[in-house]
Amino acid sequence: EAAVTQSPRNKVAVTGGKVTLSCNQTNNHNNMYWYRQDTGHGLRLIHYSYGAGSTEKGDIPDGYKASRPSQENFSLILELATPSQTSVYFCASGVGGGQDTQYFGPGTRLLVL
Amino acid sequence: GQQVQQSPASLVLQEGENAELQCNFSTSLNSMQWFYQRPGGSLVSLFYNPSGTKHSGRLTSTTVIKERRSSLHISSSQTTDSGTYLCALAITGNTGKLIFGLGTTLQVQP
Numbered sequence: 184e185a186a187v188t189q190s191p192r193n194k195v196a197v198t199g200g201k202v203t204l205s206c207n208q209t210n211n212h213n214n215m216y217w218y219r220q221d222t223g224h225g226l227r228l229i230h231y232s233y234g235a236g237s238t239e240k241g242d243i244p245d246g247y248k249a250s251r252p253s254q255e256n257f258s259l260i261l262e263l264a265t266p267s268q269t270s271v272y273f274c275a276s277g278v279g280g281g282q283d284t285q286y287f288g289p290g291t292r293l294l295v296l
Numbered sequence: 010g011q012q013v014q015q016s017p018a019s020l021v022l023q024e025g026e027n028a029e030l031q032c033n034f035s036t037s038l039n040s041m042q043w044f045y046q047r048p049g050g051s052l053v054s055l056f057y058n059p060s061g062t063k064h065s066g067r068l069t070s071t072t073v074i075k076e077r078r079s080s081l082h083i084s085s086s087q088t089t090d091s092g093t094y095l096c097a098l099a100i101t102g103n104t105g106k107l108i109f110g111l112g113t114t115l116q117v118q119p
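Right under this line is the structure:
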């Protein structure tokens, strides 16, 4: 059974609209991460969290907010979506500290028109 | 510049051939990890390898910290090995953040 799930799996949004991407993990990991993957750039870290109530900026946080209401759930919020945010978004969980691997969700394909 | 560089960018093999994928990094690290990604799919962890050599079936990962490199060896390739192989390093510190390379796209032909 998948330990990291994402919803929706596909999303079409309009420019200026609000988009919320959700992630749920059953690994009981403290750390959770949001990445986007684009051709030529690879995977880049947007936001991450050390636990419920915590959010930290990653390498490319502009235009994104994050929310971690519980150990299991981590959301990525695009308040005003732009076409440049069209991408594939991956959520991951991990114990943290660079001492073990991260476990990835299936990804969400977002198209902003 | 890119902190994690992978080579080659792409590779085409005939089934049964071996492959050597390289990852070089320009900063100190906590660990090196290798992932596999099928086209349009998610990432699957292959190795967590901070140093030394690890084996898993036909796959071998070797990380040499002082030389700032890691390699992934695939022996007796199969068509099902086709996809993208990504290396990622966790930098020193306690954040658990990973820095990814751009990947090596492998195509194994029958």
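Residue numbers (the numbering used here), protein chains in the order written: chain C, 184 to 296; chain Z, 10 to 119.
Every residue gets a Cβ at the ideal spot worked out from N, C-alpha and C, and that includes glycine.
Quick caveat, the model's predicted, so the values are computed rather than measured.
{"Asked": "Nearest neighbour of C/S205, chosen from C/S258, C/T269, C/V295 and C/Y231 [CA to CA]", "Found": "C/S258"}
{"Asked": "Contiguous alpha helix (DSSP H) assignments of at least 4 residues, all confined to the region 23-71 of chain Z", "Found": "none"}
{"Asked": "Chain Z contact for C/L293 (CB, 7 angstroms cutoff)", "Found": "no"}
{"Asked": "Beta carbon proximity, C/N214 to chain Z, threshold 7 angstroms", "Found": "yes"}
{"Asked": "Supposed contact pair Z/S51 and C/P289 - C-beta distance, whole angstroms, cut 8 angstroms", "Found": "5 angstroms"}
{"Asked": "Spatial neighbours of C/Q254 in its chain, beta-carbon cut-off 6 angstroms, leaving aside the 5 residues before and after", "Found": "A235"}
{"Asked": "Minimum C-alpha distance to Z/W43 - residue among Z/S54, Z/S37 and Z/R67", "Found": "Z/S54"}
{"Asked": "Z/S91 vs Z/L81 beta-carbon contact at 7 angstroms", "Found": "no"}
{"Asked": "For C/A249, the residue or residues it bridges with in DSSP", "Found": "C/L259"}
{"Asked": "Pairwise C-alpha distance: Z/L30 and Z/Q15", "Found": "8 angstroms"}
{"Asked": "Local conformation of C/D242 per DSSP, three classes", "Found": "coil"}
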